[in-house]
Amino acid sequence: MRILQLHCDYVAYKPKQRALKSVPELSEEEKKGSKLENAVIVFSSFEVGDNEAVLLEAIHAVKKNFDEVKAENLLVYPYAHLSNNLAPPSEAILLLNHFLKLAKEHVCKDAIKSPFGYYKEFELKCKGHPLAELSKSISSQKIESTAEKLGAEKIIVEAVKPGQELVSDSLKQEDKTKRYFKVMTPDGVMHDLDKFDFSEHSNLKTFYDYENKKVRAYSSEPAHMKLMREQELVGLEAGSDGGNLRWYPKGRLVKKVLEKKITDLMVDYGANEIESPIMYDFEHPALKKYLNRFPARQYIVQSDDKNFFLRFAACFGQFLIAHDASFSYKQLPLRLFELTRYSFRREQSGEVSGLRRLRAFTMPDMHTLCEDLTQAKQEFFNQYLLCVDWNNDLGIPFETAFRVQEDFFNENKEFYTKMVAHIGRPVLFELFDLRYAYFITKFEFNFVDQYGKATSLSTVQIDVENCDTFDLNYTNSNGKKAKPILLHASIPGAIERVVFALLELQGEKIALKQKPMLPTFLSPTQVRLIPINEKQRDYCEQALSELSKHGVRVDYDDRTDTLQSRIREAETEWVPFVAVAGEKELMEGKFNVSIRSSGRQEKLSIKELIELVKNETLNQPFEKLSLPPYLSKRAKYN
RNA sequence: GCCUCUGUAACUCAGCCUGGUAGAGUGUUUGCAUGGUAAGCAAAAAGUCGGGGGUUCAAAUCCCCUCGGAGGCUCCA
């Protein structure tokens with residue numbers, strides 16, 4: 010328990026608005042508030058583990074002060090902000106009531122309290138004498154018996170039951186009319202959450218719990234943070250702001266391949282790739298309006314006497330281009346795409362985390378202008394399919410949430426049923442009656458990690474607001490100006506989050522004692538050549554140039570360490586194909602290749618090995634690794 | 001932003017409670033070892049103990065301030 014006591018000439022308060030859903034309405038009398046003269050106000054925070062002994066200790070402190078300053082009135086003011094370890098409201102209310110009872114008995118028989126769970130305005134004039142301001146922190150561990158100090162008899166406290174239900178049924182009902190969750194199964198049936206059997210869908214349950222903030226995450230560092238360092242992919246940069254990372258050659262390779270993959274996908278889908286500035290004028294009228302609707306925290310950059318904010322998405326860059334472009338219904342849907350390196354969001358310091366939440370991140374952002382709602386729905390559906398394929402292709406499991414305005418859902422039920430049927434497992438629906446943002450509907454694919462946290466990856470939204478804000482128009486078939494419907498889409502969410510999910514999945518494998526590895530097309534080294542001794546040098550160098558010529562990322566361990574230690578290092582680097590050559594292999598014209606995915610060893614010729622790698626990376630982009638192929642020439646970056 | 005934990009060699013960490021000459025493993029360099037599928041042997045180099053102030057004869061260690069990192073909180077009286 011924490012208390013702050015102020016001795017005041019007067020103190021007055023008035024309840025304004027309910028802050029906690031679980032507290033009852035106030036009576037007319039309580040709503041008026043109160044004013045006390047020559048009073049001690051006791052701001053009180055009730056904490057986890059507080060009990061009668063704690064309350065008595067606090068009363069003792071209050072009484073001592075109250076008598077000393079010769080106050081006449083006492084106000085107990087529940088005040089959460091003194092503690093970071095608050096008792097749940099249900100317990101705190103009982104503790105507060107008992108605290109008041111003790112205060113009446115021992116300190117001031119006319120003591121009153123202000124209501125719990127309401128925002129209140131208050132006004133006070135604190136006296137200036139040395140005892141006018143006192144604060145105290147009391148915990149059950151530190152208490153000696155204080156009943157004697159008070160000269161009080163033992164008082165029995167009413168049992169405080171953890172989690173005691175204080176919510177009335179009518180209040181629950183009221184909540185539901187605003188925003189509520191349902192589950193849709195692939196057969197198109199909507200289920201109430203309390204009736205849905207989650208037993209075969211534990212990740213969906215975890216996701217829902219996370220959405221509902223019922224689950225507390227473990228307080229451990231996520232697995233990917235260690236892995237990104239160990240694999241020489243990404244490091245923290247103390248010389249920059251938090252959440253701005255450094256990417257080493259191997260990490261840059263992984264990121265570059267993913268960037269190429271999404272860019273190719275978008276261009277093949279019909280997007281026009283553009284590049285827009287990273288900073289924008291705060292005073293631009295359209296941007297001003299948009300900023301109010303999307304109150305992300307921004308970095309600010311000064312130029313002369315003007316302030317610019319660093320973009321937090323590609324939206325405005327593309328909207329401003331679309332505003333100035335000329336197009337008619339014949340060119341719709343019109344898709345603009347940019348791989349933002351970077352988008353900036355000045356997340357609060359305590360919120361930045363590894364690759365999961367950053368202040369500078371790479372978002373492949375596409376916006377689609379559609380002729381009407383029919384076309385918008387078609388695009389929404391197509392982009393939904395792209396997202397499903399994208400995540401399946403990378404082997405990233407996900408849970409789906411659709412968020413929809415109620416009316417729109419009821420008018421378009423078929424539309425959603427079709428999409429849920431496509432992925433063939435239950436998904437979460439959040440329905441809301443009043444539109445709280447610029448979108449009328451959206452979906453998100455969420456990655457659920459081993460700590461019970463959900464992270465949004467893919468998302469597409471139908472925006473019914475920003476065509477007005479940014480004055481985007483097309484010419485319709487009558488030659489008249491018309492408003493398009495706008496879609497926002499990020500198929501991967503953010504490149505960093507893809508890496509985050511892939512690494513977290515490897516962390517889970519390691520925990521299960523399985524061999525971790527990245528998909529071959531993302532592995533910085535796809536084939537590692539290891540000679541048993543110097544005599545196979547020429548043979549390996551020949552293989553190196555042959556594999557390299559065929560677009561395989563290959564390197565050569567030319568160091569003089571023992572065979573075992575070189576094999577071990579290839580294993581710890583998750584190399585998918587480790588090709589060893591000794592006397593025998595040289596004679597046969599082959600390599601003894603360890604295949605990581607199967608754990609098997611096979612004798613393969615270079616031609617066969619190339620074929621194998623090509624097979625595993627079919628239809629995937631390729632980029633070169635910017636490190637010397639000779640391991641003896643490589644610097645270490647971790 | 002608030003709270004808790006944390007900062008010691010390039011990396012991972014011990015030492016701090018109870019003040020008294022700065023430690024280990026890994027990596028790096030050098031020498032030996034030429035090895036058949038997850039760590040060969042030996043030696044060396046390497047540290048303003050995050051930064052600043054204080055207490056003390058003496059501070060990595062105790063106290064205060066400050067800066068970085070991790071986690072939690074930020075619909076909460």
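Sequence positions in the first sequence follow the numbering used here and run 10 to 647. Cβ coordinates follow ideal geometry from the N, Cα and C atoms, glycine included.
{"Asked": "Just verifying my parser: in three-state terms, what is the DSSP assignment at Phe530?", "Found": "helix"}
{"Asked": "Pull up the DSSP beta-bridge partners for Asn281, would you.", "Found": "Leu345"}
{"Asked": "What separation, rounded to the nearest whole angstrom, lies between the Cα atoms of Ala247 and Thr529?", "Found": "32 Å"}
{"Asked": "Would you mind working out which of Val536, Lys187 and Lys490 sits nearest Tyr639, comparing C-alpha positions?", "Found": "Val536"}
{"Asked": "Go ahead and pull the three-state DSSP assignment for Ser641.", "Found": "helix"}
{"Asked": "Considering Gly516, what are the terminal residues of the alpha helix (DSSP H) in which it resides?", "Found": "Ile504 to Ala520"}
{"Asked": "So, helix, strand or coil for Thr377, using DSSP?", "Found": "strand"}
{"Asked": "List in chain order: all unbroken alpha helix (DSSP H) runs of 4+ residues lying wholly within the segment 429-499.", "Found": "475-478"}
{"Asked": "Taking Cβ positions, are His16 and Ala80 nearer each other than 8 Å?", "Found": "yes"}
{"Asked": "For Glu360, which residues of its own chain have a beta-carbon under 8 Å away from its beta-carbon, when the five flanking residues on both sides are left out?", "Found": "Arg366"}
{"Asked": "Taking 8 Å as the threshold (C-beta atoms), are Gly404 and His233 in contact?", "Found": "no"}
{"Asked": "Using DSSP bridges, identify the partner residues of Ser352.", "Found": "Phe370"}
{"Asked": "Contact between the segment 429-441 and the segment 187-195: three or more CB pairs below 8 Å?", "Found": "yes"}
{"Asked": "Which residues share a DSSP beta bridge with Met648?", "Found": "A query on residue 648 cannot be resolved here, the shown segment of the chain reaching from 10 to 647 and no further."}
{"Asked": "Identify, in the order they occur along the chain, each residue of the same chain with its Cβ nearer than 6 Å to the Cβ of His210, setting aside the five sequence neighbours on each side.", "Found": "Pro435"}
{"Asked": "Hey, Cys379 and Leu496: beta-carbon distance below 8 Å or not?", "Found": "yes"}
{"Asked": "Just mark His90 as buried or exposed, buried being the case when its beta carbon has 16 or more other beta carbons within 10 Å.", "Found": "exposed"}
{"Asked": "By the three-class DSSP mapping on this structure, what secondary structure does Pro294 have?", "Found": "helix"}
{"Asked": "Just mark Thr371 as buried or exposed, buried being the case when its beta carbon has 16 or more other beta carbons within 10 Å.", "Found": "buried"}
{"Asked": "Does the segment 477-494 come into contact with the segment 453-461, if we say contact requires no fewer than three beta-carbon pairs (one atom in each stretch) closer than 8 Å?", "Found": "no"}
{"Asked": "Taking three-plus beta-carbon pairs below 8 Å as touching, is the segment 617-634 in contact with the segment 556-568?", "Found": "yes"}
{"Asked": "Spatial neighbours of Phe75 within its chain, please: C-beta separation below 7 Å, excluding the five flanking residues on both sides.", "Found": "Val49, Leu83, Val116 and Cys117"}
{"Asked": "Can you give me the C-alpha to C-alpha distance between Asn47 and Met10, rounded to a whole angstrom?", "Found": "25 Å"}
{"Asked": "In the DSSP output, what is Asp564 paired with across the bridge?", "Found": "Arg537"}
{"Asked": "Judging by CA-CA distance, which residue of Cys135, Asn401, Lys298 and Val457 is the nearest neighbour of Ala410?", "Found": "Val457"}
{"Asked": "Quick one: what does DSSP say Gly359 is sitting in, helix, strand or coil?", "Found": "helix"}
{"Asked": "So does the segment 536-547 actually touch the segment 260-269, counting three or more Cβ pairs closer than 8 Å?", "Found": "no"}
{"Asked": "Going by DSSP, which residues form a beta bridge with Ser606?", "Found": "In the DSSP output, where bridge partners are listed per residue, Ser606 has none listed."}
{"Asked": "Quick one: grab the DSSP three-state call for Thr194.", "Found": "coil"}
{"Asked": "In the structure shown, what three-state DSSP assignment does Glu130 receive?", "Found": "strand"}
{"Asked": "Quick check on this structure: which residue in Glu408, Pro373, Met526 and Ser335 has the alpha carbon closest to the alpha carbon of Lys2?", "Found": "As shown, the chain starts at 10 and ends at 647. That puts residue 2 outside it, with no answer to give."}
{"Asked": "Out of curiosity, what's the CA-to-CA distance linking Leu111 and Met237?", "Found": "56 Å"}
{"Asked": "Excluding five sequence neighbours on each side, which residues of the same chain lie with their C-beta closer than 7 Å to the C-beta of Ser5?", "Found": "The structure shown does not extend to residue 5, since the chain is modelled only from 10 to 647, so the question has no answer here."}
{"Asked": "Given this structure, state the Cα-to-Cα distance separating Glu356 from Leu267, to the nearest angstrom.", "Found": "25 Å"}
{"Asked": "With C-beta atoms as the reference, is Tyr289 less than 8 Å away from Phe328?", "Found": "no"}
{"Asked": "For the segment 577-589 against the segment 602-609, do three or more pairs of beta-carbon atoms, one drawn from each stretch, fall closer than 8 Å, so that the two count as touching?", "Found": "yes"}
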